[in-house]
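Before any comments, here is the structure.
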Amino acid sequence: MYANPNSIINPSLWPNGPAPGCFFNFPGANVTSTSSSSGIITRTQSPVTTGTSILGLVFDGGVMLAGDMLGSYGSMAKFRSIERTIKVNNSTVLGATGDIADFQHLKAIIEQKVIDEDCADDGFTLKPKALHTWLTRVLYNRRSKFDPLWNTFLVAGIEDGEPYLGCVDKIGTAFSDSKIATGYGAHIALPLMREGLEKKPQMTQEEARALLINCLRVLFYRDCRALNKHQIATITKEGVTIENNIELDTNWEVANFVIGYE
Amino acid sequence: MARRYDTRTTIFSPEGRLYQVEYAMEAIGHAGTCLGILASDGIVLAAERRNTNKLLDEVFFSEKIYQLNADMVCSVAGITSDANVLTNELRLISQRYLLQYGESIPCEQLVSWLCDVKQAYTQYGGKRPFGVSLLYAGWDHQYGFQLYQSDPSGNYGGWKATCIGNNSAAAVSMLKQEYKEGETKIDDALALAIRVMSKTMDATKLTPDKLELATLTRHDNKTYIKVLPVAQVKALIADHEKKEAAEAAKSKPSTAS
């Protein structure tokens with residue numbers, strides 16, 4: 001991917017050095033404030049608008065990501081068409097759980113990366129593992145400054161012809177696996193996904209989709225911050241397809257057995 | 001009269017020249033020769049070693065050839081201390097990229113980045129340019145084997161075969177005649193490198209301690225960068241001299257009249 005010099009390396013040619021043609025302000029001359037001069041608190045925040053689980057599953061020939069389209073404002077189902085799964089390029093997809101604003105911030109940066117790559121026009125494009133590595137470094141460095149991006153990301157795609165699925169959380173813990181779920185999905189959906197993969201390690205695309213849809217349904221039943229409106233992203237050698245606004249059939253008859261439910 | 005315009009790098013002369021940049025290239029023209037040749041299965045870098053004093057402690061294995069990262073190696077011509085700063089920076093850039101993306105930096109991006117820095121020193125800050133030209137040999141999965149040359153102005157180009165340093169013009173014209181694109185393998189490139197170096201170096205006779213040779217090749221999805229050991233250089237020089245002697249013997253009967 002295009003290595004914009006200002007993004008990797010020292011942004012200035014002479015860090016802390018004199019500006020050409022100006023007087024040099026020697027460091028440590030007038031120390032007045034102990035904290036940053038702007039007074040902005042950069043400390044562990046709490047998320048505001050959040051997204052719930054994202055599920056990722058590797059099948060024979062590709063990877064699939066699924067998640068609902070809800071942005072919860074605490075317990076309020078405020079934004080019901082948020083795309084939490086985005087296409088990065090023809091071989092990579094990114095899904096996010098957690099604070100939507102932090103996700104959108106990174107989304108803009110990643111989109112700019114893709115544009116820079118396009119401009120460089122040197123044939124190099126962002127691969128899923130490279131995006132995963134980069135994301136890990138960014139998240140870890142933010143957490144090390146006590147100013148984390150409050151998200152868990154799933155990076156999915158085709159890396160050198162093979163399906164790749166990686167996860168990284170807000171403290172920079174990164175790993176990759178053939179089945180990953182974030183948020184409540186890790187507790188509710190992952191056991192179902194593991195069971196499915198054990199029965200058939202090399203699933204077809206249709207089987208994977210059916211498994212994920214079943215998991216999404218269970219999550220809608222059990223996760224209070226879920227919505228019955230989903231995105232499913234499929235990445236194969238042919239490219240990326242993201243289906244939006246998928247609604248599932250649900251059966252709430254069991255609710256009648258709840259004592260106190262009218 | 002030109003003197004008035006060349007004490008600062010960041011200004012043009014009335015004729016539209018950047019004198020400091022040109023003087024830097026002049027400095028490189030007096031430095032030890034480096035040449036690079038692209039073969040279909042790898043790249044050869046050859047360098048003239050100038051510091052052959054017996055009193056020198058063997059701290060560095062190679063005087064002019066530096067490995068930059070897993071897939072790239074470079075050789076330098078010019079002011080050694082400037083070269084050290086640049087090669088160190090090239091190595092740092094490669095590692096930063098590797099840390100961020102988990103894969104090797106594409107060759108041209110590394111070259112291009114350093115050249116942007118070199119150019120900045122010709123336009124900002126009132127600092128002199130780096131008096132170094134570099135030859136970069138590298139491999140990446142997009143373009144395969146590549147050979148680049150950069151100079152103090154910050155300009156760079158991709159080459160099939162090129163030379164920098166002392167007598168580089170003569171070497172380049174020799175390469176132009178003798179380099180066969182598409183038909184050159186590593187061994188052909190090594191032989192050609194020795195042939196060209198023997199003609200352009202000051203020494204009357206090529207010896208292994210005056211010549212550094214390095215190759216960059218790929219096996220089993222891995223890049224191998226090798227600075228040739230003295231024994232191998234000796235053997236190659238011996239081969240070259242044998243061939244020279246054979247050529248001389250062949251042409252003798254026809255010239256005798």
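Going line by line, the protein sequences match chains A and B. In terms of the UniProt record's numbering, the first sequence opens at residue 1 and continues consecutively. In terms of the UniProt record's numbering, the second sequence opens at residue 1 and continues consecutively. Positions of the beta carbon are idealized from the N, C-alpha and C atoms, including for glycine.
Separation of residue 122 (chain B) and residue 113 (chain A) (C-alpha to C-alpha, rounded to the nearest whole angstrom) is 28 Å. Note that the stretch 228-242 of chain B does not touch the stretch 91-101 of chain B; fewer than 3 beta-carbon pairs, one per stretch, sit closer than 8 Å. For the options A:68, A:62, A:127, A:103, the alpha carbon positioned closest to that of residue 54 (chain A) is the one of A:68. Using a Cβ-Cβ cut-off of 8 Å, residue 172 (chain A) does not count as an interface residue toward chain B, since no Cβ of chain B sits closer than that to its own.
Residues of chain A whose Cβ lies closer than 8 Å to the Cβ of residue 228 (chain B) do not exist; the shortest such Cβ separation is about 31 Å. Taking 8 Å as the cut-off, the Cβ atoms of residue 154 (chain A) and residue 180 (chain A) count as close. Taking C-beta atoms as the reference points, residue 39 (chain B) and residue 189 (chain B) count as a pair closer than 8 Å.
About 25 Å separates the beta carbon of residue 102 (chain A) from that of residue 57 (chain A), a gap too long to meet the 8 Å contact definition. DSSP places residue 146 (chain B) inside the beta strand (DSSP E), whose first and last residues are 144-150.
Counting the other Cβ atoms within 10 Å of the Cβ of residue 135 (chain B) gives 16 or more, which makes it buried. Here residue 92 (chain A) is near residue 127 (chain A), since their CB atoms are less than 8 Å apart. For the pair residue 115 (chain A) and residue 232 (chain A), the Cα-to-Cα distance works out to about 25 Å.
Of B:230, B:44, B:116, B:79, the smallest CA-CA separation from residue 209 (chain B) is found for B:230.
Those residues of the stretch 122-144 of chain A placed with their C-beta closer than 7 Å to a C-beta in chain B are 122, 123, 124, 129, 130, 133, 134, 137, ordered along the chain.
For the options B:165, B:191, B:153, the alpha carbon positioned closest to that of residue 18 (chain B) is the one of B:153.
Here residue 72 (chain B) carries a strand assignment [DSSP, helix/strand/coil]. A direct Cα-to-Cα measurement between residue 16 (chain B) and residue 23 (chain B) gives close to 15 Å. The secondary-structure analysis by DSSP pairs residue 226 (chain B) across a beta bridge with B:215.
Just so you know, the alpha carbons of residue 211 (chain B) and residue 130 (chain B) end up roughly 24 Å apart.
For the C-beta of residue 99 (chain B), the chain A residues within less than 7 Å are, from N- to C-terminus, 137. Scanning its chain for C-beta atoms nearer than 8 Å, with the 5 sequence neighbours on each side dropped, one finds around residue 197 (chain A) the residues 57, 178, 179, 203, in chain order.
Following the DSSP letters along the chain, one finds residue 73 (chain A) inside the beta strand (DSSP E) bounded by residues 71-73. Not flagged as an interface residue toward chain A: residue 26 (chain B), since no C-beta distance is shorter than 8 Å. Less than 8 Å separates the beta-carbon of residue 129 (chain A) from that of residue 159 (chain A). Assigned with DSSP and collapsed to three states, residue 48 (chain B) falls in strand. Close to residue 142 (chain B), with beta-carbon spacing below 8 Å, are these residues of chain A in chain order: 122, 123, 124. Checking the DSSP bridge columns, you'll see residue 56 (chain A) partnered with A:65, A:180. Within chain A, no residue has its CB atom less than 7 Å from the CB of residue 157 (chain B), the nearest being about 15 Å off. DSSP lists A:64, A:241 as the beta-bridge partner residues of residue 234 (chain A). Annotation for residue 115 (chain A): the continuous alpha helix (DSSP H) segment containing it runs 100-120.
Here the alpha carbon of residue 184 (chain A) sits roughly 15 Å from the alpha carbon of residue 167 (chain A). For the C-beta of residue 103 (chain B), the chain A residues within less than 7 Å are, from N- to C-terminus, 130. Just measuring C-alpha positions, the residue of A:46, A:65, A:111, A:62 sitting nearest residue 100 (chain A) is A:46.
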